[in-house]
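All remarks here apply to the structure that follows.
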Amino acid sequence: MKHDFPCIRAGEALPVRAASASDEAFGVAVRNLVNGFGLTRDGAGNLLHDNHPDGDTMWCTGGDPARVRLEFDLGLAVPLDRMEVWNYNRGDAAGQPAGFTDRGLREISVLHSLDGREWTPLRPDGGRLRLARADGRPGLRATNLDDGTGSPIAFGNVQVRYVAIEADPQPGIGNWGGTESGKAVFGLSAVRFLAGRGLYALEAPEWSGLFRRHDGWTGADAAYSLPLTGRGTLRGDGTPRFLFSFSDTMVGSVDPATGRRDPHSYMISSSHAVLEGGRPDPDRIRFVWGKDGACVREPAFVPRHHGDGSYYWFQGGIAVGDRVHLLALVVRSNPEGREGFRFKVDNVDVVSLPLGTSGPDFSRGEMHPTPFRDSEAALRQDIFFNCAVLDHTENGASRSPDGYVYIYGTLRDGFGRGLVAARVRPEAFLSFDSWRFFDGAEWGTDPARCAILAGGVSWELSVQEMDFGIHAGRYLLVYQEFGVGRYIVCQAGDTPMGPFDKPIRVCHSEVEDRGMAIYTYNAKGHAALSGPGELLVSSNVNTRSEWANMADGHIYRPRWLRLLDTTAPPPPPPDDPG
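Counting from 4, one number per residue, gives the positions in the sequence shown under the numbering used here.
Pasting the structure below:
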């Protein structure tokens, strides 16, 4: 089956999912502002609004409303170029001006939001905009701003899902002085929103569904992916095999009817999966956990060389020749942490596995501790190289290969984490003396001199070369703002080290709206799995409540989105093998 796959183009009008008003008179609902009622096009394609003698094609309040506020939900977050406004244009029974246009809005504040909770004034100073008054005649063009030229309200490509218009409920301020029986009345005829230039996100239910399982592997976080073959795999064009790496993993069963976990379910510290082909086909993915990949109740690898009680969380990686190298955080329990966060990260190892005919051979893994936290300065900075790997070689299908593999990590940056970078030739990946670290100008040998390339990033993230849209030829950093939270953030740079543009909140997670102590964290992109004109992005979802995790066994698993671009050709609709 095919999923609905709306495609948004820059300059096109956006549908409005929902509209609400703090007050509306009987029969003149706020929905009239966005449903096209009363609008027609002339021969030149201009949208014209009527002057219905009863105002039935428009919206207005009752008399003396306590508040005048309109809200519009665009259904998803998009870069917004502008809003067009047709002010209140009611005429008389003969279709002539009749003195009702003074009910139109005058001084307004415009606000926008990604999640409907945190609102930002369109004007940085919080000041008001003045709308032009309608003339009450038929065939009204957009009146827009009262600036002499009728300019639309410019948003400048800010990322928006919700827009609000507020007006002072005083006649002559919030409107042009209009009253009825001595009571102030406020109205508009229509509004229209036009898409700007940039990224937007749609759900990828076929990928989220791949990890909604009822037996065996029933949830995990991290969800890193990498191709197990070489050149030509970057855009998912028939890649025969991918490896997923996960951190804490739930094993057991989930009742398909109630969603409850079996009480005998258990957690192991890591797992993997091998996907044959580049599509989210549940019949072609094989989950692997346990020693030697035997799906038994223990991790595949135990870093005993780091002391008793240590375990691995697998993260980024790369296939080089006949081996795959996986970055693994070395973790140990911390009973003093709060529920859901009782752990401490000590170091990073590289686990190297030979590639066999069916994927990695988990029985012959080699564990290589990295030395990059050996210095006092590195320990003080709390520096780790674990987050992501960018294969910038011909084998990685880079558009401008320089022969290096870039490894991204983080260090302590105030109350958050800052992005840092290292690089090495792929054949020297396990030769840690060959790694070099970017200090903001040059590549040196001291990891403690790393420059912070971006702030407020997550422990897991991605940096990937883009080949579509406004960032084609650039490098997109994708992460969860401050690691844990509602917002997925992107920053684009001209090189793998930046400098990166200011962060843009592309979208927010709605799964937290369920409550149950649910939180979203560690977003990252998956370029090799992505189709043409898209970047697949996953976020981890978990709950701080052990009770909730058992009551709903589908909370704990990655959720997937596809990032698209309003300036790029529309990608084909995704197939859903389920």
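In this text, a Cβ means the ideal position worked out from N, Cα and C, and glycines have one as well.
Secondary structure at I11: coil, using DSSP grouped into helix, strand and coil. Annotated as proximal: S154 and N147, with beta-carbon spacing under 7 Å. Residue range 549-554 is occupied by the alpha helix (DSSP H) that includes M553.
Fully enclosed beta strand (DSSP E) runs of no fewer than 3 residues occupy 326-336, 346-359, 369-372, 387-395 of the region 318-399, in order along the chain.
Following the DSSP letters along the chain, one finds E209 inside the alpha helix (DSSP H) bounded by residues 208-213.
When the five nearest sequence neighbours on each side are left out, the beta carbons in the same chain lying within less than 6 Å of the beta carbon of V348 are those of L332, V334, in order along the chain. Residue environment analysis places L538 among the buried positions, since at least 16 neighbouring C-beta atoms fall within 10 angstroms of its C-beta. Inter-residue distance for V37 and L17 is about 10 Å (C-alpha atoms, whole angstroms). For F435, the CB contacts under 7 Å within the same chain, skipping 5 residues up- and downstream, are T373, P374 in chain order. Between L197 and R85, the CB-CB gap stays under 7 Å.
Contact annotation, V540 with L567: C-beta distance approximately 11 Å; criterion of less than 8 Å not satisfied. In the DSSP assignment, Q173 is bridged to no other residue. Note that the C-beta distance between P174 and G139 is not below 7 Å. Closest by C-alpha distance to P285, out of S250, R215, I176, T523, is R215.
Taking the Cα positions, W550 is about 21 Å away from E513. Contact check for Q494 against P506 passes: the beta carbons are separated by less than 7 Å. If you ignore the 5 residues before and after L433, its C-beta comes within less than 8 Å of the C-beta of H328, V353, S355, H371, all in its own chain and listed in chain order. Closest in alpha carbon position to A97, among D76, D57, G107, is D57.
In the structure shown, A225 falls within a coil segment according to DSSP collapsed to helix, strand and coil. With respect to the C-alpha of G14, the residue from Q467, E87, R20, F29 having the closest C-alpha is E87.
E463 is positioned such that its CB atom lies closer than 7 Å to that of C390. Counting along the chain, D76 sits inside the beta strand (DSSP E) bounded by residues 71-90. Annotation note: the region 412-484 contains no uninterrupted alpha helix (DSSP H) run of length 4 or greater.
Comparing C-alpha distances from V277 to each of A226, R383, H267, V323 shows the shortest one belongs to A226. Exclusion of the five residues before and after N49 leaves R144 as the residues of its chain whose Cβ lies within less than 7 Å of its Cβ. Within 10 angstroms of the beta-carbon of D377 lie fewer than 16 other beta-carbons, which makes it exposed. Judged by DSSP in its simplified three-state form, H308 adopts helix. Three or more pairs of CB atoms, one per stretch, sit closer than 8 Å, so the region 180-192 contacts the region 105-121.
Collapsing the DSSP output to three states places A157 in a strand. Burial is judged here by how many other beta carbons sit within 10 angstroms of a residue's own beta carbon; P429 has at least 16 and is buried. Between V31 and A24, the C-beta spacing is not below 7 Å.
In summary, K527 is buried, with 16 or more beta-carbon neighbours lying within 10 Å of its beta-carbon over all protein chains present.
Bounds of the beta strand (DSSP E) holding G496 are 490-496. Each of G556, P561, P404, I176 was checked against the Cα of H267, and the nearest Cα belongs to G556. Here the C-alpha atom of P576 lies approximately 41 Å from the C-alpha atom of L134. M500 places its beta carbon less than 7 Å from that of F441.
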